[in-house]
Amino acid sequence: MSATTAPPVLELTGIHKQFSGIPVLRDVQLRLYPGEIHALMGQNGAGKSTLIKVLTGVLEASGGQMRLGGESVWPDSPRAAQRLGISTVYQEVNLCPNLSVAENIFAGRYPRLGLAQGFRIDWATLNRRARELVARIGLDIDVTRLLSDYPVAVQQLVAIARALSIESRVLILDEPTSSLDDDEVQKLFEVLRRLRDEGLAIVFVTHFLNQVYAISDRITVLRNGSWVGEWPVGELPAQALIAAMLGRELAAQSTEAPVSPVFDEVTPALLQAEGLGQSGQLQAVDLRVRAGEVVGLAGLLGAGRTELARLLFGLESPDRGVLRIDGKAVAFSNPMDAIRHGLALCPEERKTDGIVAELSVRENIALALQARMGVGKFLSRAEQTALAERYVKLLGIKTESVDKPIGLLSGGNQQKAILARWLAIEPRLLILDEPTRGIDVAAKQEIMEQILRLAQAGMAVLFISSEMSEVVRVAHRIVVLRDRRLVGELPAGSSEDAVYDLIAAEHV
């Protein structure tokens, strides 16, 4: 039966989940039919990962009902979910690279010889069954070779073969294409279509809009832990999908954009990227940023904004294109090279990539300047204190003392301290990746004002934010990325709708 006439193979109704009394899922529902690919969509924090953990027995729901094949079930562990026929393939392949392909497919379930042979592993049967499974998904590989001998794309397919080996009825794919290039994505999609046609029900989680419309039959959207709706893919244009994910109608609105600096055609770029990219991460991008200019990088999650920032700052190495500083080609082998050329990066994840929670505010602010000074040269405690107190005052960092552990500060004040760290090296170009995420409204306002002051003082700023209202408010130019490629550029004064129109252009 088709997905439109068959009863659901999996049905979730009224799913609730709380952590310490705080709801993270509220009345969520999901219907999954045999022979369909169902996209589960939502921004970060929408509840997708939590719902998957409930589905797969990692977390216990606080309320609601789950029915599989019409019967009420509650898997209490991943193994229990697998016994029910629910399998998951995660973004990071969760297999053993030092085992063979066949061993990975049947890990924990190896066929055994009889008593006379000492119950040894039946390698002939193991490898034969593995070859049958990889052939089923169109993969022609040597199953006796180590998994690590194969690229990530093949490892993803091996993980799918493992799911098929336990006779899965439901296959959950959590960001399976994040590390794949275009050709590898198409190969994966061929496999998924084949499995769909065999009657498998597939949940597909992704942030790439083009992939949703290329492979999915229906879409369910979550927002802030709540169910928003379910649609056949042909009845939900990309603009409407974005609106459902963000929780707002895309209607024209006025914005108070900053006054753009006056540049003529010969004004040189401080930074210029020409066809800069990295296989599997970012297609060739052209970008220029001039002194005194705030360039906003806009796009949905997974668009490639952070990947571009990492390439510019030497955290990743491009395999195509040219990066120029003041017109001269440069190649950064590490962040220190970028710092020496006047670049600074405030990272997206301040908890893991930004603050050192056990160190004081003073020590955190002094880190980048101390690193730039090199081995054998040290800032004295008095110099660190003077530096930290200067930026505490300048940025309005609320702390009783610069010697207070930074981990005890609020998120907004931690973010200001990271900004202070990079301002201390007096960069010419400041890259800000989600500088206002997770902080209160007042702190956001202060950081936005500080960005404009820095630009007015002549600093170049590359500003990344998922809050489109912030981008259109602070940027002199807006560069729009979608699906890891640049799709357009807008001037100051553009509306949020204009940005969303560019993001959705190919899918409306």
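Start counting the sequence shown at 1; every next residue gets the next number (the UniProt record's numbering). Quick reminder that beta carbons are idealized off the backbone N, C-alpha and C, glycines included.
Just confirm the distance between the C-beta atoms of residue i and residue j, as a whole number of angstroms; I'd bet it's less than 8 Å.
i, j, result
"Pro-405", "Ser-360", "6 Å"
"Arg-320", "Ala-284", "6 Å"
"Ile-15", "Val-28", "4 Å"
"Ser-87", "Ile-215", "Actually they are not in contact, since the Cβ atoms of Ser-87 and Ile-215 sit about 18 Å apart, beyond 8 Å."
"Arg-196", "Gly-47", "That pair is no contact at about 25 Å."
"Ala-238", "Ala-504", "4 Å"
"Phe-289", "Leu-270", "One point to set straight first is that residue 289 is Val, not Phe, in the sequence displayed. That belief holds up - the Cβ atoms of Val-289 and Leu-270 are roughly 6 Å apart, short of 8 Å."
"Leu-171", "Leu-200", "6 Å"
"Val-191", "Ile-137", "5 Å"
"Asp-76", "Gly-45", "With 8 Å as the limit, Asp-76 and Gly-45 do not qualify as a contact, their Cβ atoms being about 26 Å apart."
"Leu-391", "Ala-420", "According to the sequence as given, residue 391 is Tyr; it is not Leu. Correct: roughly 4 Å between the Cβ atoms."
"Asp-174", "Ile-52", "6 Å"
"Leu-345", "Ile-431", "4 Å"
"Val-9", "Leu-32", "6 Å"
"Tyr-213", "Val-228", "About 18 Å; that fails the 8 Å criterion."
Count the other CB atoms within 10 Å of the CB of residue i; is the residue buried (16 or more) or exposed (fewer)?
i, result
"Gly-292", "buried"
"Asn-104", "buried"
"Phe-332", "buried"
"residue 510", "With the chain covering only 1 through 508, there is no way to say anything about residue 510."
"Leu-115", "exposed"
"Met-336", "exposed"
"Glu-470", "buried"
"Leu-30", "buried"
"Gly-314", "buried"
"Met-373", "exposed"
"Leu-323", "buried"
"Val-461", "buried"
"Ala-382", "exposed"
"Ile-22", "exposed"
"Phe-463", "buried"
"Ser-466", "buried"
"Ser-168", "buried"
"Arg-120", "exposed"
"Asn-94", "exposed"
"Pro-163", "As written in the sequence, residue 163 is Ala, which differs from the Pro given in the question. Buried: at least 16 other Cβ atoms inside 10 Å."
"Gln-384", "buried"
"Ser-494", "buried"
"Gly-354", "buried"
"Asp-501", "buried"
"Val-356", "exposed"
"Ala-107", "exposed"
"Arg-112", "exposed"
"Arg-362", "buried"
Per DSSP, what are the beta-bridge partners of residue i in this structure?
i, result
"Phe-204", "Ala-39 and Leu-173"
"Ile-141", "Ile-141 pairs with nothing; no bridge assigned."
"Glu-11", "Arg-31 and Arg-67"
"Ser-72", "Arg-67"
"Val-402", "Beta-bridge pairing links Val-402 to no other residue."
"Gln-18", "Pro-23"
"Cys-346", "Leu-432"
"Ile-86", "Val-170"
"Ile-121", "Arg-112"
"Ser-165", "In the DSSP output, where bridge partners are listed per residue, Ser-165 has none listed."
"Val-330", "Leu-323"
"Ser-360", "Pro-405"
"Leu-146", "Ser-100"
Is it the case that the CB of residue i approaches a heavy atom of the ligand FMN more closely than 7 Å?
i, result
"Val-154", "Among the components of this structure there are no ligands whatsoever, and the ligand FMN is therefore not found."
Exercise. Three or more beta-carbon pairs under 8 Å between the segment 177-196 and the segment 269-281, yes or no?
Worked result: yes
Problem set entry | Contiguous beta strand (DSSP E) assignments of at least 3 residues, all confined to the segment 443-508 | Whole beta strand (DSSP E) segments, 3+ residues: 460-464, 477-482 and 485-491.
Problem set entry | Ordered list of beta strand (DSSP E) runs contained in the segment 211-238, each at least 3 residues | 218-223 and 226-232
Exercise. Can you list, in chain order, the stretches of the beta strand (DSSP E) that have 3 or more residues and sit fully within the segment 263-326?
Worked result: 271-278, 282-289, 294-298 and 320-325
Exercise. How do the segment 64-81 and the segment 35-44 stand: do at least 3 beta-carbon pairs fall below 8 Å, yes or no?
Worked result: no
Problem set entry | Three or more C-beta pairs below 8 Å linking the segment 69-82 and the segment 91-102 | no
For this session: Taking 8 Å as the threshold, find out whether the segment 464-481 comes into contact with the segment 199-210 through three or more Cβ pairs.
Result: Taking a contact to require three or more Cβ pairs closer than 8 Å, the segment 464-481 and the segment 199-210 do not qualify as touching.
Exercise. Is the segment 450-459 touching the segment 309-328 in the sense that three or more CB pairs, one from each, lie closer than 8 Å?
Worked result: no
Exercise. Are the segment 296-308 and the segment 484-493 in contact at 8 Å, needing three or more beta carbon pairs?
Worked result: yes
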